[in-house]
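Reviewing the structure listed below.
In this note's numbering, the protein residues as written are 1 to 106.
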């Protein structure tokens with residue numbers, strides 16, 4: 001596998017994992033401390049990291065669309081899995097915070 005794809009894959013894993021960790025912190029803030037604002041800030045921080053991962057993924061797709069081959073590997077598949085999981089966890093966390101806030105107001 002070429003060095004660029006390895007580097008991009010590792011960066012995808014790094015930013016996705018950091019984002020997912022921030023989402024987990026958000027849910028912990030909500031569940032343990034009942035701190036909606038802290039949870040929202042953690043989700044926003046997660047979004048910044050996940051956004052960096054998204055930029056990497058977009059660059060890779062754009063390169064491939066421009067005719068530059070992107071070698072497929074287990075590492076790249078693993079990186080994409082991390083990215084998609086982070087997106088899903090972030091989206092679910094947003095819904096959980098909104099639901100918690102609605103129930104608390106209720």
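Beta carbons are placed, not taken as given, at the ideal position from N, Cα and C, and that holds for glycine. Every value quoted in this text rests on a predicted model; they were computed, and no experiment measured them.
For residue i, which of helix, strand or coil comes out of DSSP?
i           : result
residue 54  : helix
residue 101 : helix
residue 92  : helix
residue 67  : coil
residue 106 : coil
residue 73  : coil
Is it the case that the CB of residue i approaches a heavy atom of the ligand GTP more closely than 8 Å?
i          : result
residue 81 : As for the ligand GTP, it is missing from this structure, which has no ligand bound.
Could you spell out the range, first to last residue, of the alpha helix (DSSP H) harbouring residue i?
i          : result
residue 28 : 3-33
Please check the pair residue i and residue j, which I expect to be a contact at CB under 8 Å, by giving their CB distance rounded to whole angstroms.
i          : j          : result
residue 22 : residue 49 : 7 Å
residue 36 : residue 97 : 6 Å
Between the segment 59-71 and the segment 82-95, are three or more C-beta pairs nearer than 8 Å?
-> Contact check between the segment 59-71 and the segment 82-95: fewer than three CB pairs, one atom from each, fall below 8 Å, which does not count as touching.
Would you check if the segment 77-84 and the segment 39-49 touch, i.e. whether three or more CB-CB distances between them fall below 8 Å?
-> Contact between the segment 39-49 and the segment 77-84 is absent, with fewer than three C-beta pairs closer than 8 Å.
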